[in-house]
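Notes to accompany the following structure.
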Amino acid sequence: MTDSWAAFGADLHIEPIGPGLRSGLMDALREAVRTGRLTPGTRLPSSRTLAADLGIARNTVADAYAELVAEGWLTARQGSGTRVARRADAPGPVGRGRDPRARPVRRRPAHNLMPGSPDLSAFPRAEWLKATRRALTAAPDMAFGYDDPRGRVELRAALADYLARARGVYADPERIVICSGFVHGLTLMGKVLRRHKVRRTAVESYGLDIHWNLLAEAGLTTPCIPVDGLGARTGALGEVPGVGAVLLTPAHQFPTGVPLHPDRRAAAVDWARSSGGLILEDDYDGEFRYDRQPVGALQGLDPERVVYMGTASKSLAPGLRLAWMVLPEELVEEVCEAKGGFDWMSGVPDQLTLAEFIASGAYDRHVRAMRLRYRRRRDELVEALAERAPGFRVSGIAAGLHAVLELPEGTEQSVVQAATWQGLALEKLSRFRHQDAEPGRDGLVIGYGTPSESGWAGALDALCRVLP
Ligand SMILES: Cc1ncc(COP(=O)(O)O)c(C=O)c1O
Numbered sequence: 214m215t216d217s218w219a220a221f222g223a224d225l226h227i228e229p230i231g232p233g234l235r236s237g238l239m240d241a242l243r244e245a246v247r248t249g250r251l252t253p254g255t256r257l258p259s260s261r262t263l264a265a266d267l268g269i270a271r272n273t274v275a276d277a278y279a280e281l282v283a284e285g286w287l288t289a290r291q292g293s294g295t296r297v298a299r300r301a302d303a304p305g306p307v308g309r310g311r312d313p314r315a316r317p318v319r320r321r322p323a324h325n326l327m328p329g330s331p332d333l334s335a336f337p338r339a340e341w342l343k344a345t346r347r348a349l350t351a352a353p354d355m356a357f358g359y360d361d362p363r364g365r366v367e368l369r370a371a372l373a374d375y376l377a378r379a380r381g382v383y384a385d386p387e388r389i390v391i392c393s394g395f396v397h398g399l400t401l402m403g404k405v406l407r408r409h410k411v412r413r414t415a416v417e418s419y420g421l422d423i424h425w426n427l428l429a430e431a432g433l434t435t436p437c438i439p440v441d442g443l444g445a446r447t448g449a450l451g452e453v454p455g456v457g458a459v460l461l462t463p464a465h466q467f468p469t470g471v472p473l474h475p476d477r478r479a480a481a482v483d484w485a486r487s488s489g490g491l492i493l494e495d496d497y498d499g500e501f502r503y504d505r506q507p508v509g510a511l512q513g514l515d516p517e518r519v520v521y522m523g524t525a526s527k528s529l530a531p532g533l534r535l536a537w538m539v540l541p542e543e544l545v546e547e548v549c550e551a552k553g554g555f556d557w558m559s560g561v562p563d564q565l566t567l568a569e570f571i572a573s574g575a576y577d578r579h580v581r582a583m584r585l586r587y588r589r590r591r592d593e594l595v596e597a598l599a600e601r602a603p604g605f606r607v608s609g610i611a612a613g614l615h616a617v618l619e620l621p622e623g624t625e626q627s628v629v630q631a632a633t634w635q636g637l638a639l640e641k642l643s644r645f646r647h648q649d650a651e652p653g654r655d656g657l658v659i660g661y662g663t664p665s666e667s668g669w670a671g672a673l674d675a676l677c678r679v680l681p
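Quick note, the sequence shown lines up with residues 214 to 681 if you use the working numbering.
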C-alpha cells in the first residue's frame with residue numbers, strides 16, 4: 214500500500230464505518246464533524262490524496278465529499294478546496310470544550326507601560342531572516358540531529374566572544390549552556406542547588422515573584438536581603454543563617470533600577486568565597502545603559518562563584534525563548550544532567566540564527582539602535598514628568614527599559630485604578646516587594662520600552678493624565 218500513498222496533500226485520520234465504502238466514509242466524516250474532532254473551516258485533503266491514503270477509488274471519495282456538501286456538512290469552493298462547513302450548531306472540539314480560536318478576547322489596554330517587555334515592533338525581522346538563511350545554508354546536516362545539551366557550539370562560541378567583549382564576562386564556550394529563557398536557567402539552578410543540599414537562596418527585597426516561586430518549587434526558601442539606594446545590601450548575606458546562594462540583578466536592580474555599588478559587589482563575592490555560596494547573576498537588561506559604559510558583569514570578579522545568566526528577552530524579544538548561562542566549570546555537567554531527558558536542548562534553527570546574528574555584528578547594531586530609541590524615550594519621560602509632576606522623584610533611569618516614579622503616600626492603588634479606567638496598563642512598585650521586606654514607598658514601575666514607536670507618545674500622555 215505504501216507506494217500508493219500520495220506524496221502531497223494534508224493528512225486526515227479517518228476510518229470508513231461499516232461495509233459500504235462511500236457510505237462508510239460519509240458516516241465517518243459526519244461523525245468527526247458532529248463530535249467536533251473536525252472543526253468548522255478545517256480543510257480536508259483533496260479527493261485524490263485521501264483516496265490514495267485510504268487505498269480506495271478517487272471517485273468514491275469525490276462522491277462522498279459531494280454528498281456531504283449537498284447535506285451541508287462540507288463546503289467546496291474553487292481555490293480553497295473542501296472544508297468543514299461553518300454550521301451554526303457545530304459543536305466545540307472534542308475534549309477541549311471550546312474552540313481555542315474562539316477564546317474570549319481579553320480587552321487589551323489602549324496603552325501599555327507595563328515593565329518587562331522590549332518594543333516588540335522593533336524586532337529586526339529582515340536581519341533575523343537574513344541570518345536564518347545564512348545560518349541554515351551553512352549548517353552541516355548533523356546540526357539538525359540530537360546534539361550537545363549545552364547547545365550548539367556556534368552559538369556558544371559567538372556568545373563567549375560577545376559576552377567577554379561587551380559584558381566583561383569570563384566566558385569559555387565550554388562552560389556556556391543555552392536555555393529557554395532566564396526562568397529555565399533559574400529552574401535548572403534550583404535543582405542543582407537542592408542536589409548540593411542548599412535549602413535557602415537569598416533574594417533581593419524587590420524582584421519578581423515568579424522567580425521566587427520557581428526557587429520555592431525546587432524546594433528552596435527565599436529569605437530577602439534589603440535593597441537601598443546602592444542596590445542589594447550584600448553585606449547582610451552573612452547574617453542570614455543557612456543561605457547557600459543569592460539571586461542578584463547587579464547591572465540594574467529589578468525593579469528599583471539601581472546598579473549594585475562596587476563595594477556591594479565586592480561584599481557579595483567575599484561572602485561567596487568565604488561561605489562556599491553561589492551568586493546567581495540575572496543580567497536581564499545589562500546591554501541598555503545610557504549615561505556611560507554598561508556596568509560589567511559581576512561574574513568577571515569570580516567565575517567560579519558566580520553563575521552568569523543572560524537572555525535575549527530584552528535585547529531581541531521574549532518570544533525567542535533563548536537565554537544563556539555561563540557556569541563555574543564544576544557545574545556544567547550537573548546543569549546538563551538537571552535538564553533531563555525531556556528537556557534535552559533548545560531548537561537548533563533559532564540557536565544557529567542567533568549565533569549568526571551575533572557573529573555578523575547584527576546583534577550589536579540592533580542593541581545600539583534600541584539603546585538610542587530607549588534613551589530618547591527615557592529623556593522624554595523624565596521631561597514630561599518634570600513638567601507634569603515636578604515634586605515626584607523618578608529613579609532607576611540610568612539603564613534598562615523601565616523607571617520608577619515615586620508617588621505620594623497612599624496614592625499607588627488609586628493611580629493604577631485611574632490608569633485602568635483610562636485604558637493604560639501600569640504596574641505598582643509594591644507588586645514587586647518581597648513579603649518579608651520592610652514596608653516601602655508608593656510608586657509606579659513604568660515600562661517605557663514596552664510601547665511601539667507609534668504608541669509611545671499616546672502612552673506617555675495617558676500616564677501624565679492619571680498622575681495625582
Ligand atoms: C528581572 C528579570 N529577569 C529576567 C527576565 C527574563 O526572563 P526570560 O529570559 O525568562 O524571558 C526578566 C523579564 O522580564 C526580568 O524582568
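Glycine residues also receive a C-beta, built at the ideal position from the N, C-alpha and C atoms.
Residue i beta carbon near ligand 1 (any heavy atom closer than 7 Å)
{"i": "Gly329", "result": "yes"}
{"i": "Gly394", "result": "yes"}
{"i": "Ala616", "result": "no"}
{"i": "Ala352", "result": "no"}
{"i": "Leu242", "result": "no"}
{"i": "Leu529", "result": "no"}
{"i": "Thr248", "result": "no"}
{"i": "Ala536", "result": "yes"}
{"i": "Tyr555", "result": "Sequence check: residue 555 is Phe here, not Tyr. No, ligand 1 has no heavy atom inside 7 Å of this Cβ."}
{"i": "Asp332", "result": "no"}
{"i": "Thr345", "result": "no"}
{"i": "Leu421", "result": "yes"}
{"i": "Thr462", "result": "yes"}
{"i": "Phe570", "result": "no"}
{"i": "Thr524", "result": "yes"}
{"i": "Phe336", "result": "no"}
{"i": "Asp495", "result": "yes"}
{"i": "Phe467", "result": "yes"}
Boundaries of the beta strand (DSSP E) in which residue i is found, first to last residue
{"i": "Ile492", "result": "Leu491 to Asp496"}
{"i": "Leu739", "result": "For residue 739 there is no data in the structure shown, the boundaries of the chain being 214 and 681."}
{"i": "Thr255", "result": "Careful: Thr255 lies outside any beta strand (DSSP E) and carries neither H nor E."}
Alpha helix (DSSP H) segment containing residue i, residue limits
{"i": "Ala597", "result": "Ala575 to Arg601"}
{"i": "Leu657", "result": "Run containing Leu657: none in the alpha helix (DSSP H); it sits in the beta strand (DSSP E), Gly656 to Ile659."}
{"i": "Gly513", "result": "Where Gly513 is concerned, there is no enclosing alpha helix (DSSP H), given that its DSSP letter is neither H nor E."}
{"i": "Gly398", "result": "Phe395 to Arg408"}
{"i": "Thr663", "result": "Element bounds for Thr663: n/a, residue is neither H nor E."}
{"i": "Thr295", "result": "Not the alpha helix (DSSP H): Thr295 falls in the beta strand (DSSP E), residues Gly294 to Val297."}
{"i": "Glu542", "result": "Note, Glu542: premise wrong, no alpha helix (DSSP H); not H, not E."}
{"i": "Tyr503", "result": "Unbroken run through Tyr503: none, as it is neither H nor E."}
{"i": "Arg243", "result": "Leu234 to Arg247"}
{"i": "Ala283", "result": "Arg271 to Glu284"}
Bridge partner(s) assigned by DSSP for residue i
{"i": "Ser559", "result": "DSSP output for Ser559 lists no bridge partner at all."}
{"i": "Ser608", "result": "Val617"}
{"i": "Thr524", "result": "Ala536"}
{"i": "Leu640", "result": "It should be noted that the sequence gives Glu, not Leu, for residue 640. Note: Glu640 sits in a beta bridge opposite Val658."}
{"i": "His324", "result": "Leu637"}
{"i": "Ile391", "result": "Trp537"}
{"i": "Arg518", "result": "Looking at the DSSP assignment, Arg518 forms no beta bridge with any residue, so it has no partner."}
{"i": "Arg646", "result": "Tyr419"}
Inter-residue CB distance, residue i and residue j (contact presumed, cutoff 8 Å)
{"i": "Val405", "j": "Leu544", "result": "6 Å"}
{"i": "Met522", "j": "Asp496", "result": "6 Å"}
{"i": "Lys552", "j": "Pro386", "result": "So it is not a contact: roughly 18 Å between Cβ atoms."}
{"i": "Gly364", "j": "Val390", "result": "6 Å"}
{"i": "Glu640", "j": "Pro328", "result": "6 Å"}
{"i": "Ser393", "j": "Arg534", "result": "4 Å"}
{"i": "Asp577", "j": "Glu622", "result": "That belief does not hold up - the Cβ atoms of Asp577 and Glu622 are roughly 44 Å apart, past 8 Å."}
{"i": "Leu473", "j": "Val459", "result": "At roughly 11 Å, the Cβ-Cβ gap does not stay under 8 Å, so Leu473 and Val459 are not in contact."}
{"i": "Gly292", "j": "Ser259", "result": "The pair is not a contact, with the Cβ atoms about 12 Å apart (cut-off 8 Å)."}
{"i": "Leu673", "j": "Glu593", "result": "6 Å"}
Any C-beta of chain D under 8 Å from that of residue i
{"i": "Ala415", "result": "Within the model displayed, chain D is absent; a lone protein chain is all it includes."}
For the region 346-386, list the alpha helix (DSSP H) runs that are entirely contained and at least 4 residues long, ordered along the chain.
366-380
Scan the region 411-480 and note each continuous beta strand (DSSP E) run of 3 residues or more that stays entirely inside, going in chain order.
413-417 and 456-461
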